[in-house]
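Below: the structure, in structure tokens.
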Amino acid sequence: MENLNEENIGGYDAYFINEILDEHECPVCKMALREPVQTQCGHRLCLSCAEEMRKRNNGVLTCPLDNSILDSSKIFPDIAIERVIMQLKVKCSNFANDCEWTGELKTLNEHLGSCKYQTLKCLNRPCSTSLLLKNLKEHMEKLCIYRLVTCQYCKQKIIFSEKQNHEENCKCLPLCCVNQCGMNIMRKEMSSHITDSCANTIIPCQYLNIGCKFEGMRKEHETHDNSSMQNHLSLAISKLDALENKITLTMDILENKIASKVNALENKITLTVDALEYKITSKVESLGNLGEPSTKHSLTRKFIPSKISTYRREKNSSSPPKGHEEKKRDSTRKIPVLRKSNPTRDLFSPDRQAFS
Ligand SMILES: [Zn+2]
Ligand SMILES: [Zn+2]
Ligand SMILES: [Zn+2]
Ligand SMILES: [Zn+2]
Ligand SMILES: [Zn+2]
Ligand SMILES: [Zn+2]
Ligand SMILES: [Zn+2]
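All residue numbers for the sequence shown refer to my numbering, where the first residue is -1 and numbers rise by one.
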């Protein structure tokens, strides 16, 4: 029946239930006439067969039965015979595949459009299995190795032939916990399960940083915590004590450092002041030796020593490094003693001034 569906060249190659009459058969293609035309010599042939003959015979058409030359203008479609042929009973072209359909030739095409015994190729690429239409659905959905299936674990669509390989490596495949805690864990979550929640993971005590050396499975920690409260408390107190000691020690070291720094600065300042005093005194004396002192000079002589005394008093009364009130008062009381024992200082005593 190929010709019916292909180029419509030649007659109908259908499976007629009754043998077709000679008058319904084309003398060219030996098949049931398709679009039959009648010649002026009274014979019939398919329209396509007539045109094919004319082409092959350089545009001249001769009757295949009696060889008479035919005039194209005297060839007519035989509608009556066509109607009779279209009403002839045929079997389905797929009767060899067990299709039991029979019907008039004119309805064959319509039947073939939905014939379950039609042979088709599987649509799952790259499968190219040929199947009857009635088996195609089952093949494509249930049997074809190229059908798409859903991975039961990750719900991804995968090709059936790759299913086993996929499942062996599927990130969602449940696996027994490697710590044998009895849980089934998705492959992709195994690592976080071990780290964050597995009851059998061995972890250190939460008080490791204060010195508890206990290590045990996660599930054992509640018992440990409950039974070690006293121990954890002692460790915490020891840790606090150690911290306190450390802080005290650090503060002492800092205070000592500051004290020695302040002392060094004080000594430096005293030395500088002493040097300045000496310079000024020498200057004042050399000016005094020049004769009757001017008003300016006598002012300087009184003014500078009193300034230096003020500075000394202020310096000695300022906060000493340790900041103890007791020491502050001591330093202040020392001023007169310092004055008496300091020879440079004597230069500025009232007696000394009278001397100049
Ligand atoms: Zn023909
Ligand atoms: Zn003829
Ligand atoms: Zn059929
Ligand atoms: Zn297939
Ligand atoms: Zn999967
Ligand atoms: Zn586990
Ligand atoms: Zn502990």
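Glycine is no exception: its CB is placed at the ideal position from the N, C-alpha and C atoms.
Cβ-based neighbour list, residue i, same chain, cut-off 8 Å, excluding 5 preceding and 5 following
i      : result
Leu238 : none
Met84  : Glu102, Leu103 and Lys104
Arg52  : Val58, Leu59 and Ser70
Leu118 : Ser128, Leu129, Leu130, Leu131 and Leu134
Cys175 : Met181, Asn182, Ile183, Met188, His191, Ile192, Cys196 and Asn198
Nearest-angstrom Cα separation, counted from residue j out to residue i
i      : j      : result
Leu103 : Cys125 : 34 Å
His137 : Leu171 : 28 Å
Gly373 : His41  : Here the chain comprises residues numbered -1 to 354, so residue 373 is not present and cannot be evaluated.
Ile183 : Gln228 : 37 Å
Cys210 : Cys179 : 25 Å
Ser226 : Leu173 : 35 Å
Glu33  : Asn16  : 20 Å
Glu80  : Glu49  : 18 Å
Lys415 : Leu269 : Any answer about residue 415 is impossible in this case: the structure gives the chain only from -1 up to 354.
Glu23  : Phe14  : 12 Å
Cys149 : Lys186 : 15 Å
Thr221 : Met215 : 11 Å
Thr308 : Leu285 : 24 Å
Ile18  : Cys27  : 14 Å
His164 : Lys89  : 48 Å
Glu166 : Tyr151 : 11 Å
Arg311 : Lys244 : 38 Å
Asn95  : Cys39  : 43 Å
Val82  : Leu106 : 15 Å
Leu231 : Ile267 : 53 Å
Lys87  : Trp99  : 11 Å
Asn287 : Leu263 : 36 Å
Tyr276 : Glu283 : 10 Å
Glu253 : Ile201 : 43 Å
Arg54  : Ser66  : 16 Å
Asp64  : Leu110 : 38 Å
Phe353 : Thr248 : Residue placement at Phe353 cannot be trusted, given a pLDDT of 42 that sits under 50; the coordinates are not used to answer.
Ile157 : Ser112 : 29 Å
Pro25  : Asp76  : 15 Å
Tyr115 : Cys97  : 6 Å
For residue i, the three-state DSSP class (helix, strand or coil)
i      : result
Ser128 : strand
Asn182 : strand
Thr117 : strand
Met188 : helix
Leu422 : Given that the chain is displayed from residue -1 to residue 354, the structure contains no residue 422 and the question cannot be resolved.
Ala257 : helix
Leu59  : strand
Glu102 : strand
Phe14  : strand
Met215 : strand
Arg123 : coil
Cys47  : helix
Asp110 : Reading off the sequence shown, one finds Leu at residue 110, where the question assumed Asp. Helix, per DSSP.
Glu324 : With a pLDDT of 43 at Glu324, under the threshold of 50, the modelled position of that residue is not reliable, and no figure is offered here.
Val82  : helix
Leu35  : Residue identity check: residue 35 is Val in the sequence provided, not Leu. It is a strand residue.
Val282 : helix
Leu173 : strand
Ile208 : helix
Lys153 : coil
Lys53  : helix
Lys89  : strand
Ile235 : helix
Ile251 : helix
Leu19  : coil
Ala30  : strand
Ile7   : coil
Asp267 : Reading off the sequence shown, one finds Ile at residue 267, where the question assumed Asp. If DSSP states are grouped into helix, strand and coil, Ile267 belongs with the helices.
Cβ neighbours of residue i in the same chain (closer than 6 Å, five flanking residues each side left out)
i      : result
Ile73  : Val35 and Thr37
Ser159 : Ile143
Lys169 : Arg185 and Lys186
Proximal residues to residue i (C-beta, below 7 Å), its chain only, five neighbours per side dropped
i      : result
Asn177 : Ile192, Cys196, Asn198 and Thr199
Asn122 : Met138, Cys142, Tyr144 and Arg145
Beta carbon proximity, residue i to chain C, threshold 8 Å
i      : result
His164 : In the displayed structure, chain C is absent; only one protein chain is listed.
Within the chosen definition, does the region 131 to 149 reach the region 43 to 62 through at least 3 CB pairs nearer than 8 Å?
-> No, because fewer than three Cβ pairs between the region 131 to 149 and the region 43 to 62 fall closer than 8 Å, the two stretches do not touch.
Beta carbon nearer than 5 Å to a non-hydrogen atom of ligand 4 = Taking every residue with its beta carbon within less than 5 Å of a heavy atom belonging to ligand 4 gives, in chain order, Cys120, Asn122, Cys125, Thr127 and Cys142.
Evaluate the contact criterion for the region 255 to 270 versus the region 227 to 241: three or more CB pairs, one atom per stretch, below 8 Å.
-> no
Got a list of residues with beta-carbon closer than 6 Å to any non-hydrogen atom of ligand 6, in chain order?
-> Cys175, Asn177, Cys179, Met181, His191, Cys196 and Asn198
Which residues count as close to ligand 7 when the rule is a CB under 5 Å from any of its heavy atoms, in chain order?
-> Cys203, Tyr205, Cys210, Phe212 and Ser226
What is the chain-ordered set of residues for which the beta carbon lies under 6 Å from any non-hydrogen atom of ligand 3?
-> Cys90, Asn92, Cys97, Trp99, His109, Cys113 and Tyr115
Any residue whose CB is nearer than 6 Å to a heavy atom belonging to ligand 5, listed in chain order = Counting only heavy atoms of ligand 5, the residues whose C-beta sits closer than 6 Å to one of them are, along the chain, Cys149, Tyr151, Cys152, Gln154, His164, Cys168 and Cys170.
Distance cut 5 Å, beta-carbon to ligand 2 heavy atom: residue list by chain order = Cys39, His41, Cys61, Leu63 and Asp64
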